[in-house]
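Have a look at the structure below before the remarks.
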Amino acid sequence: MAYYQSRGSIPPKRHTQHRNPDGGLYYEELMGEEGFSSDSSLLYHRHIPSALVDARPWPLPDQSTVPNEPLLPRHLRLHELFGADAGAADVVTGRRLVLGNDDVRISYVVAGTDSPLYRNAIGDECIYLESGTATVETVFGTLEARAGDYVLLPRATTHRWLPTGDEPVRAYCIEANSHIAPAHRYLSRFGQLLEHAPFCERDLHGPGEPPQHDGTDVEVYIKHRSSGPSGLAGSVHVVPTHPFDVIGWDGCLYPYTFNVEDFMPITGKVHQPPPAHQVFEGANFVICNFVPRKVDYHPLSIPVPYYHSNVDSDEVMFYCGGDYEARKGSGIGQGSVSLHPGGHSHGPQPGAYERSVGVEFFDELAVMVDTFRPLRLGEGGRAADDRSYAWSWSGRGPDR
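Residues in the sequence shown are numbered consecutively from 1, following full-length UniProt numbering.
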């Protein structure tokens, strides 16, 4: 999204000399997407940004996945993934993989410690904070994140997470193999958010001034592509000087936060389909959020969703606030994830259809990811599966 920003000290003309107080040159770095053909920013470093002094492998947490076979809708209790150790992890290395495919990976973490410096060289990250607060230091500047924030981090942005406050950070991590941006239909052909969009540029909060840190032989954890079974690998680069040495930058590529409270829901006379709730998109997946809102006002409306079959997609719903009317009686609650796979019709739990008649307001908060290729179960998803949700519509399961 072409929304120009500038921070710190930059020269009047790009790709020209920018000198420090001692007369030496700052080092200009272009960070750009799609091979110089899409959004980019120019960053000015005190030291050479590509310098290395050592490297070693970083063994990633378990990235294995298994097919959702036999095909089942599933309920995953994410809050059960971190018991007595809740808060001992950090946002980067402590993630447990819940679901994934070749386009996107969804992980969950409860973190109370500072993360290492980190960059994802595979794709953009969209981190939703279920609870807690954190300072996110990035090479572009510092973001302050709170509950309800999406934190959007462009591919290869060096950053680290520093939890703040008295409670740990609960983070729902969406890692793409592509870029993540506002839904294309909300944007003009020049990149401005349009009048019919449910949010605007005022709701996007970019970084403050670039942080300045000194140090030598600094470690940066990198997640990158691999020819191995998962397609992922980790490395640790040791750099001679601290990467937070940027004295200024400008451009249209940078991290930002967007709080779910600033999403203005689109409502209608009858039930609105999920695309009305979309906020972001990546290659072969979309991100939607369902927020507290007035609901359908037709005199004969049925406010909960109609039963529907995901012909082209898997639907993942993360329930992170309020009281989700359509799922009463299923065991789903705060911190739950439902997976409704393509090829299986799903909808409200028994009784919810009738109970919703006459309801005027839904107090619910959920983040939804729809993928256009089937999702596989990660280690965290397998561990959090309640193994009974599939039978919740019929009231009985298999005799075994």
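Virtual Cβ for every residue (Gly too), placed ideally from N, Cα, C.
Quick caveat: nothing in here was measured; it's all calculated off a predicted structure.
As the crow flies, the alpha-carbon of THR16 is around 28 Å from that of LEU153. Taking the C-beta atoms as reference points, GLN278 is found nearer than 9 Å to VAL286.
Where ARG382 is concerned, the enclosing alpha helix (DSSP H) starts and stops at 379 to 384.
According to DSSP, GLN278 shares a beta bridge with CYS288. The C-alpha of VAL316 lies about 40 Å from the C-alpha of TYR44. In the DSSP assignment, LEU153 forms a beta bridge with GLU125.
The beta-carbon distance between ILE106 and VAL369, rounded to whole angstroms, is 6 Å. This is short enough to meet the 8 Å contact definition.
Burial check for PHE318: the Cβ neighbour count within 10 Å reaches 16 or more, so the residue is buried. The Cβ atoms of VAL337 and LEU60 do not sit closer than 9 Å to each other. Sequence-distant partners of VAL139 (beyond 5 residues in either direction) whose C-beta falls short of 8 Å from its own C-beta, in its chain, are LEU43, THR157, THR158, HIS159, PRO210, PRO243, PHE244 and VAL246.
By the Cβ-count criterion, TYR389 is buried, with 16 or more other Cβ atoms from all chains shown falling within 10 Å of its own Cβ. Closest in C-alpha terms to ILE222, from the list VAL92, PRO350, SER345 and GLY248, comes VAL92. Taking C-beta atoms under 8 Å as the contact rule, GLY132 and GLY165 qualify, at a distance of about 6 Å. Three or more pairs of CB atoms, one per stretch, sit closer than 8 Å, so the stretch 135 to 150 contacts the stretch 254 to 264. Leaving aside the five residues that flank HIS298 on each side, the residues in its chain whose CB is nearer than 6 Å to its CB run, in chain order, LYS269 and VAL270. By the C-beta criterion, the stretch 375 to 389 is judged not to be in contact with the stretch 114 to 123, since fewer than 3 inter-stretch pairs fall below 8 Å. Inter-segment contact for the stretch 77 to 92 and the stretch 49 to 58 is absent: fewer than three beta-carbon pairs are separated by less than 8 Å.
With respect to the C-alpha of HIS344, the residue from GLU69, ALA171, CYS126 and ALA121 having the closest C-alpha is GLU69.
Residue pairing of CYS173 in beta bridges, as defined by DSSP: SER107 and ILE127.
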